[in-house]
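Quick look at the structure:
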């Protein structure tokens with residue numbers, strides 16, 4: 087969410103893009119860890135009910 091703001095302020099995109107990818111990857115790993123932890127302690131399914 088901050089990428090466009092810092093890009094508009096002049097920070098090169100070559101510096102913004104890797105940080106964005108790392109943040110996205112970290113968020114994905116954290117989400118997978120939470121679902122794994124919930125699956126271990128929950129008696130029922132933990133998947134989302136779309």
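Numbering (the working numbering), first residue to last: 87 to 136.
All C-beta atoms, glycine included, are put in the ideal place defined by N, C-alpha and C.
Note that the coordinates shown come from a computational prediction; the quantities given were computed from them, not determined experimentally.
- For residue 117, the three-state secondary structure derived from DSSP is helix.
- Secondary structure at residue 132: coil, using DSSP grouped into helix, strand and coil.
- In its chain, beyond the 5 residues on either side, 93 have a beta carbon closer than 7 Å to the beta carbon of residue 99.
- Annotation: the continuous alpha helix (DSSP H) that includes residue 90 extends over 89–94.
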